[in-house]
Amino acid sequence: MAPPQPPPQSVHVILNGHKGPVNVARYAKGSAKYILTGGQDRTVRLWNAGHGGEIKTFAAHGYEVLSITVSHDNAKFASSGGDRSVFLWDVATGVTTRRIAGHMGKIYTVEFNEDATVVASAINRQAIQVLDDARDAVQTLHIGSTTITTGSVDGHVRTYDLRKGELRSDFIGRESLYFSLFDSVTEGRLDPVTSVVPTQDGQTILVTTLDSHIRLMDASTGKMLNDFVGHSNVSYRCRACFSHDEANVICGDENGQIWAWDLLDVNLLTGVSDLILTSLQAKVLPPNPPPKAHQKVITWTEYHPTDANEFFTSSADGTVKVWRSPDTGS
């Protein structure tokens with residue numbers, strides 16, 4: 005088997021139009037020739053990923069845009085942010101077709117189901133509408149065919165099985181061992197979950213937390229299968245993703261660097277690190293450390309759904325960079 009290859013390292017185009025940080029970016033569905041971006045400047049913008057031209061600006065938000073989800077046919081998308089409402093948009097006309105109000109705070113994440121007949125949103129101190137198990141802001145969610153998975157500031161990943169009516173809750177944090185005069189005590193350290201991305205088969209989940217760790221978790225047992233470290237991520241949402249073939253994990257960090265790891269190459273470490281006797285650690289792909297790719301924190305990383313030679317990164321520096329292998333056509 006050929007060794008995993010690092011992601012493309014050549015900038016194809018730079019999408020430069022937002023006035024301030026770009027908080028989220030999403031590929032269109034299908035051939036994914038277009039990219040939607042949402043920023044601190046309260047706009048959503050549609051771009052051609054091939055030549056980098058801006059096609060349309062969607063302006064209706066009164067506050068920052070934090071999340072975007074695209075329908076399966078690319079005819080509509082939904083966005084959310086500081087407005088306390090979910091905005092549904094018609095791509096062709098560029099206008100909102102509906103605004104779903106009733107939320108009590110910022111809406112950090114919104115997602116369509118597969119055929120865009122259902123839209124789910126998550127807000128501060130409320131999980132997903134009436135699913136109110138989270139004890140703090142829900143930062144991320146994913147809708148599967150029969151499940152909804154959320155990640156929260158309270159350090160938990162929760163999976164709702166809609167068919168069975170069951171909830172699975174996994175605490176994604178570090179156990180700290182400290183000693184008193186009489187005994188040793190183990191307690192959990194809360195690390196907010198900012199991103200959950202399942203593999204295509206749904207058997208594992210990539211979980212990003214604000215402790216500079218990305219963990220590969222078994223979706224059915226909650227067991228950690230691999231741990232991806234080296235990057236810096238303690239304050240901002242830095243969305244991680246899988247490569248096109250799911251052989252690698254890619255993520256930008258708060259230093260503007262893009263990190264890549266082998267998904268399955270696991271080193272078993274023995275020793276006292278955070279007072280954990282044994283731990284897993286994934287192999288970082290070269291270059292290690294990677295060069296600076298953005299001037300500020302990288303907020304979002306997403307691989308092209310069909311092209312193994314393309315992915316993009318968005319940043320608080322106001323740009324989105326589309327990365328391609330040098331021999332890839334436009």
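Just so we're aligned, residue 5 is where the sequence shown starts under the working numbering, counting upward by one. Positions of the beta carbon are idealized from the N, C-alpha and C atoms, including for glycine.
Next item on the list: Report the partner residues of V69 according to the DSSP bridge assignment.
Entry: In the DSSP assignment, V69 forms a beta bridge with G85.
Under three-state DSSP, which class holds Q285?
In this structure, Q285 counts as strand in the three-state DSSP scheme.
Checklist entry - Candidates Y240, V238 and R162: which alpha carbon is nearest P202's? => result It is R162 whose Cα lies nearest to the Cα of P202.
Please state if the CB of S239 and the CB of V26 are separated by a distance shorter than 8 Å. No, they are not a contact pair.
Worksheet item: For P295 versus W263, is the C-beta distance shorter than 8 Å?
Response: Taking 8 Å as the cut-off, the beta carbon of P295 is found no closer than this to the beta carbon of W263.
For this session: Measure the alpha-carbon distance for G226 versus T208 and round it to whole angstroms.
Result: About 9 Å.
- In or out: Q143 buried (at least 16 other Cβ within 10 Å) or exposed? Buried.
Could you give the first and the last residue of the continuous beta strand (DSSP E) run that contains N52?
Segment T47 to N52, the beta strand (DSSP E) holding N52.
Going along the chain, which unbroken runs of the beta strand (DSSP E) with 3 or more residues stay wholly within the region 191 to 260?
-> Correct list: 197 to 202, 208 to 213, 217 to 222, 228 to 232 and 252 to 256.
ask   = How would you label I72, buried or exposed, when you count the other beta carbons within 10 angstroms and need 16 or more for buried?
value = The C-beta of I72 has 16 or more other C-beta atoms within 10 Å across all chains shown, which makes the residue buried.
Measure the C-alpha to C-alpha separation of N237 and K287 and round it to an integer number of angstroms.
-> Distance between the alpha carbons of N237 and K287: 18 Å.
May I ask you to list the residues that DSSP assigns as paired with G169? When DSSP reads this structure, G169 sits in no beta bridge, so it has no partner.
| task | Grab the span of the beta strand (DSSP E) containing A141 for me, first residue to last. | result | Annotation for A141: no beta strand (DSSP E) segment contains it, and DSSP assigns it neither H nor E.
*For M221 versus L214, is the C-beta spacing smaller than 8 Å?*
No, these two residues do not count as a Cβ contact at 8 Å.
*Do R49 and T61 have their C-beta atoms closer together than 8 Å?*
Contact flag set, yes.
According to DSSP, is E118 helix, strand or coil?
Assignment of E118 by DSSP, reduced to helix, strand and coil, places it in the coil class.
Q.
Taking its Cβ as the centre, do 16 or more other Cβ atoms sit within 10 Å of K168, making it buried, or is it exposed?
A. Around the Cβ of K168, a 10 Å sphere holds fewer than 16 other Cβ atoms; the residue is exposed.
L166 vs T151 beta-carbon contact at 8 Å | The Cβ atoms of L166 and T151 sit closer than 8 Å to each other.
Check your understanding: What is the rounded straight-line gap between the Cα of H298 and the Cα of D174?
Key -> C-alpha of H298 to C-alpha of D174: approximately 33 Å in a straight line.
#### Entry: 6 Å CB neighbourhood of V90 in its chain, flanking five on each side removed
A82, S84, I104, V114 and S125, listed in sequence order.
Point to revise | For N313, the first and last residue of its enclosing beta strand (DSSP E) | key: Here N313 belongs to no beta strand (DSSP E), and DSSP marks it neither H nor E.
Leaving out five residues before and five after P196 in sequence, what residues of the same chain have Cβ atoms less than 6 Å from its Cβ? Excluding its 5 nearest sequence neighbours in each direction, P196 has C-beta neighbours in its own chain below 6 Å: V157 and L214, listed in chain order.
In the structure shown, what three-state DSSP assignment does G155 receive?
DSSP places G155 within a strand segment (E or B) once states are collapsed to three.
(request) Please list, in chain order, all residues of the same chain as R219 whose beta carbon is under 6 Å from its beta carbon, the five residues on each side excluded. (result) Once the five neighbours on either side are set aside, the close Cβ partners of R219 are V211, M228 and D231.
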